[in-house]
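In numbering that gives the first Met the number 0, the protein residues as written are 0 to 268.
A quick write-up on the structure given underneath.
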Amino acid sequence: MVVTAESLLSVRGVTVRFGGIVALDGVSFDVQRGQVCGLIGPNGAGKTTLFNCLSRLYAYQSGDILFEGQSITQMPTHRIAALGLGRTFQNLAMFKTLPVRDNIMIGAHSRSSSGFIASALRLPRVSAEEKRLGERADQIMEYLGLQSVAHRPAGDLPFGTQKRVEMGRALAADPKLLLLDEPAAGLNHEELHDLGRLITDVRDRLKITVLLVEHHMSLVMSVSDHIVALNFGKKIAEGNPAEIQRHPEVIEAYLGAQAAQASQEPAHV
Ligand SMILES: Nc1ncnc2c1ncn2[C@@H]1O[C@H](COP(=O)(O)OP(=O)(O)O)[C@@H](O)[C@H]1O
Ligand SMILES: [Mg+2]
């Protein structure tokens, strides 16, 4: 494991147990600033559990997680988003009856400066703040091509569009690290292509570091700078996409079926 001054995120020996199940077993890796880091592994490998530790939804029994060199282990959960950790969920998490624009404004609100009392009393500072959040939501919707559905209830939209709304909610908080949990699941071919371009654009133009959990191998391989592979809660490999693709334990754990299938097709990554 390489720990450098540039590490945005450092996961160190994190262990999570649920009764007799060891969901994560001393997992350590670093995410470098400015990179897309892929996190792969078969179902049940512990990927979502790791995301839940990063969002502090789950407590870990041992280990530490550092964000910009600062431990988040003892930090109250409400401070996590303010630190700059934004995420999407494997199962969509948004307000389905609220319009798209409001859902995205709610994302921006997690970094907003107006206090709860000021918001409740609707002091003048709040309307200025609301205006700012609204403008931020408009920028994000333009970036994601969501303007035409801005006023539609999020839950009425096609699945792929809902996933983009969720990405918008996470981006609206101006994260330094964007955590994406299986963003490709359920997308059609064209949406997949757009998602790949969006992830690299988020890295290159918005300068946001990305930690990407994904089952879709060709997507992970094409957008990731670095990949960490888990199996049964343990890290089995890390490296660049080419190294991961030829790593024997990864092939055995995860790529076996797909590799067999791919050998009958022309190679494409
Ligand atoms: N809240 C929980 N309670 C009990 N077991 C859990 C919980 N969350 C995850 N697990 C277990 O932890 C293991 C890792 O799950 P998960 O992190 O969801 O895997 P992945 O996202 O890689 O598919 C699995 O065995 C799963 O059943
Ligand atoms: Mg999962």
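Note that the Cβ used here is the ideal one computed from N, Cα and C, for glycine as well.
Since we're looking at a predicted model, the values are computed, not measured.
Quiz item: So, helix, strand or coil for D63, using DSSP?
Solution: strand
Practice problem: Assign K206 to one of three DSSP states: helix, strand, or coil. | Solution: coil
Self-check item: T349 CB to nearest heavy atom of ligand 1 below 7 Å
Solution: The requested residue 349 is not part of the displayed model; the chain covers only 0 to 268.
Quiz item: Hey, would you say the C-beta of K233 is under 7 Å away from at least one heavy atom of ligand 3?
Solution: For ligand 3, the structure offers nothing, since it holds only ligand 1 and ligand 2.
Quiz item: Using the C-alpha atoms, what's the distance from I250 back to A259?
Solution: Caution applies to A259, whose pLDDT of 46 falls short of 50 and renders its modelled position unreliable; the value that the coordinates give is listed next. About 10 Å.
Quiz item: Between F66, L132, Q73, T96, which lies nearest to L84 when the distance is taken from Cα to Cα?
Solution: F66
Quiz item: Can you give the Cα-Cα distance for T199 and C36, rounded to whole angstroms?
Solution: 11 Å
Quiz item: Any idea if F28 is buried or exposed, counting beta-carbon neighbours within 10 angstroms, 16 or more meaning buried?
Solution: buried
Quiz item: Are the Cβ atoms of G195 and S221 separated by less than 8 Å?
Solution: yes
Quiz item: Pick from K233, G232, I226, F231: whose alpha carbon is nearest that of A241?
Solution: I226
Quiz prompt | Length-filtered (3 minimum) beta strand (DSSP E) runs lying within the segment 37-91 | solution = 61-66, 84-86
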